[in-house]
Each structure stands twice: as C-alpha cells, then as structure tokens.
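Notes for the one structure printed next.
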Amino acid sequence: MRSAEPAHGAAAAAVWDIATPARRPGRLRGLAMAGFRARTTDPVDLGVVPYPAVTVAVDVGDGSLAVDDAGGGRHTGGVVVGLGTHGVRGRGRDIGCLQLRLSPVLAYEVLGPAAELSGRAVPLDALWGRAAERTQERLRAARSWSERFAIAETALAERRAAGPAVDPEIAYIWRELVARRGAVRVERLADEVGWSRQRVWSRFREQIGLGPKRAAQLVRFDHAAHRLAAGQSAARVAAESGYADQSHLHRDVMAFAGVTPTAVALAPWLAVDEVAWAAPAYLSGDRRRAAAR
-10 MRSAEPAHGA
0 AAAAVWDIAT
10 PARRPGRLRG
20 LAMAGFRART
30 TDPVDLGVVP
40 YPAVTVAVDV
50 GDGSLAVDDA
60 GGGRHTGGVV
70 VGLGTHGVRG
80 RGRDIGCLQL
90 RLSPVLAYEV
100 LGPAAELSGR
110 AVPLDALWGR
120 AAERTQERLR
130 AARSWSERFA
140 IAETALAERR
150 AAGPAVDPEI
160 AYIWRELVAR
170 RGAVRVERLA
180 DEVGWSRQRV
190 WSRFREQIGL
200 GPKRAAQLVR
210 FDHAAHRLAA
220 GQSAARVAAE
230 SGYADQSHLH
240 RDVMAFAGVT
250 PTAVALAPWL
260 AVDEVAWAAP
270 AYLSGDRRRA
280 AAR
C-alpha cells in the first residue's frame, strides 16, 4: 500500500485528502485502511456504491459525519456497513473519517455473525460494546494517520484472536468467487470441497452474510462498476464481465446500486478507489488460520 501521507486522485482531489498505510506486511489478511479528510467545509453528501467487503467507518474529525441507511436510520461515531448493503449515504461537513474494508472472512472473525450485518448498517458499539467507544476515543486522540492505522489494526487483531473462525471450505469458496470475478458455478465449488449444496448455502450465508449466488453477483457487479467508472462502454463491460447482454448488466446494476450503469460510472465514491483502495480487502482472510482450525 501507499505511504501514510495525503494523496490526491484526479477526480477526488477537489474534495478529499486521502491517506493510506505505508508498505509493510500486515498482520491481518483481508484488511484495507484509508483515512479521509475533507478539503472543504461545504456540505458533503455521497451515495456509497455496494462493495464486496464489510466497511467500518469511524468519525475522527472535528466536524460532523453521519451515515444514513436505506431504512431511514442515521448513525454517528462508528458504523459498520454489511456486505452488499445499498442505499447508504455519507453526509456531513469538515469530515475526518477512518475507513476500514474487511473481507467477509475477516469481518466474521472480528465482528461476529454475518447474519447481523447482511444488508444493514449498524453502530459499531452494537457489536463491540464499550470497546468501540474506547477505540474511537484513541483514534480521535491520535496525532497522525499512521498512528490511527496502527490502533485500528491492533484492535482488530485482538478481536480476531478471541473470535470465531470461518470454515476453511467457506474461505476457499469465497476466494474462488473473487478470483473468477463471480463467473463460477457454486455447485462446482461445493463438489470441490466435498460438501452438499445445501450445506454450502447454509454455512456460506451464516459466515459470509449473503448466499453464494448473491455474493458471486456482487463480485461481478463490483468488477463491472469499476470498468464503467474507468470509462468503458456498458456494451463492452457487459460482454466481457460475464453478463448475458447489456440489459442483464443494467438489471444487476440497478439491483445493487439503485441507479443506471451511466450513473454508476459517474459515482464520486468510485473515483477515490484507485487512490484509497489500490489493494482490495476482499481477496481473502488468513488462509493459515482457516486451515489450522
């Protein structure tokens, strides 16, 4: 990852200073972190495009940050956005925010049962209790993004050490879905791990938060959305991303993002990805830990 110094993406430079951790081996596989600070005191209102990772956002600034969900809930302080959640918006002024992206494998190990997060945004303290408040206080008091990244990684590592582990078979299926950008039959993966289709569906939903077919669709959508944001035509993206046709792409984008492929291509949230999230978080969890359990 990049140095923990502010960086500017071409489309996001007018709005955000973005910091990412310095290059070093991380203790936690499946974790990506970025710090965001608004470069303007004007109100910010951004729709969040669904992503194949669980997102944790912690307000560390002097301004205001609120995360609104599709159900009308408003969350402040720290919030967790579950896998595939749509209709989420970030709003505020003079924002300073630490954002973590966790692979669903790691998210299960540090946040608990994925069913509690599926398609939802929930306060971090609902999952971590008083530990969430203590961690947020330390993050706000930190003097640099580097210090905040270290605090966050330590907190996650401690939770993970005491948390449940994803079945190695489920971790393998998730990695294969990602590696093949969703273009693989889940029945084939069930055969590869020696499980019944019913068992795969049940355990995958329990530990990842979505059914395997829906998870594959989310991974495919994410790949397509970034190609659209890079300026590729919807027809080309549909043809090269595993969709039956352009109408199929349109339906999938509408289902996940609630807007057309044209609108997704212009989404401000995607504009920062090449700066903030150059190393995708959703690729895997810790394979050695999964295999050892």
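Read in order, the letters of the sequence shown are residues -10 to 282 in the working numbering.
The C-beta atom is built at its ideal place from N, Cα and C for all residues, glycine as well.
Got a sec? Which residues, its chain only, sit under 8 Å from residue i by beta carbon, not counting five neighbours each side?
i	result
ASP180	none
LEU238	ALA213, ALA223, VAL226, ALA227, SER230, TYR232 and PRO250
VAL4	ALA27, ARG28, THR29, VAL33 and PRO257
ARG132	none
Looking only at its own chain, which residues have a Cβ that is under 6 Å from the Cβ of residue i, when we skip the five neighbours before and after it?
i	result
ASP262	none
PRO39	GLY73, HIS75 and PHE245
TYR97	ALA103, VAL155 and GLN196
THR44	VAL70 and ARG90
MET243	none
ARG63	ALA55 and ASP57
VAL189	ALA179
TRP266	ALA21
PRO41	LEU207, VAL208, ASP211 and TYR271
ALA1	For ALA1, the predicted model reports a pLDDT of 49, less than 50, meaning its position is unreliable; a value from the coordinates is still stated below. Excluding residues within five positions, the ones whose Cβ falls inside 6 Å are ALA260 and VAL261.
GLY85	ARG26, VAL49 and GLY50
Taking only the alpha-carbon atoms, compute the straight-line gap between residue i and residue j and give it to the nearest angstrom.
i	j	result
THR251	ARG123	42 Å
ILE159	VAL248	31 Å
GLY50	LEU178	44 Å
ARG306	ALA46	The chain is shown only over -10 to 282; residue 306 falls outside these bounds and no answer can be derived.
GLY61	GLY183	42 Å
ALA150	ASP234	45 Å
GLN125	TRP117	11 Å
SER185	ASP114	37 Å
ALA120	SER191	31 Å
GLY198	VAL264	27 Å
GLY81	GLU176	45 Å
ASP83	GLY19	30 Å
GLN293	GLU147	Here the chain comprises residues numbered -10 to 282, so residue 293 is not present and cannot be evaluated.
SER236	VAL167	23 Å
ASP48	PRO112	12 Å
ALA130	THR65	17 Å
ASP31	SER53	11 Å
ARG109	ALA59	8 Å
LEU17	THR143	9 Å
ALA219	ASP211	12 Å
VAL208	ARG240	15 Å
VAL253	LEU217	7 Å
GLY67	SER107	17 Å
LEU87	ASP6	12 Å
GLN221	GLN187	38 Å
Can you tell me which residues form a DSSP beta bridge with residue i?
i	result
GLN88	ALA23 and ALA46
SER53	ARG82
PRO112	VAL68
ARG63	ASP57
VAL33	GLY81
Report all residues from its chain with a CB closer than 7 Å to the CB of residue i; omit the five preceding and five following residues, and keep chain order.
i	result
ARG278	Low local confidence applies: a pLDDT of 42 at ARG278 is under 50, so the model's placement there is unreliable, with the coordinate-based value given in what follows. Within the same chain, ARG278 has close Cβ partners ALA154.
LYS202	VAL175
GLY200	TRP190, PHE193 and ARG194
LEU145	LEU17, LEU20 and VAL99
Cβ-heavy atom distance between residue i and the ligand GDP below 8 Å?
i	result
ALA121	Ligands displayed in this structure: none; no statement on the ligand GDP is therefore possible.
For the region 35 to 49 against the region 252 to 267, are there 3 or more C-beta pairs whose distance is under 8 Å? Contact between the region 35 to 49 and the region 252 to 267 is present: three or more C-beta pairs spanning the two stretches fall below 8 Å.
Inspect the CB distances between the region 155 to 174 and the region 87 to 99 and report whether three or more fall short of 8 Å. Touching, per the Cβ criterion.
Please determine if the region 166 to 173 and the region 139 to 156 are in contact, where contact requires at least 3 C-beta pairs separated by less than 8 Å. The answer is no - the region 139 to 156 does not touch the region 166 to 173, with fewer than three Cβ pairs under 8 Å.
Looking at C-beta atoms only, is the number of pairs between the region 96 to 103 and the region 73 to 83 that lie closer than 8 Å three or more? With contact defined as three or more Cβ pairs closer than 8 Å, the region 96 to 103 and the region 73 to 83 are not in contact.
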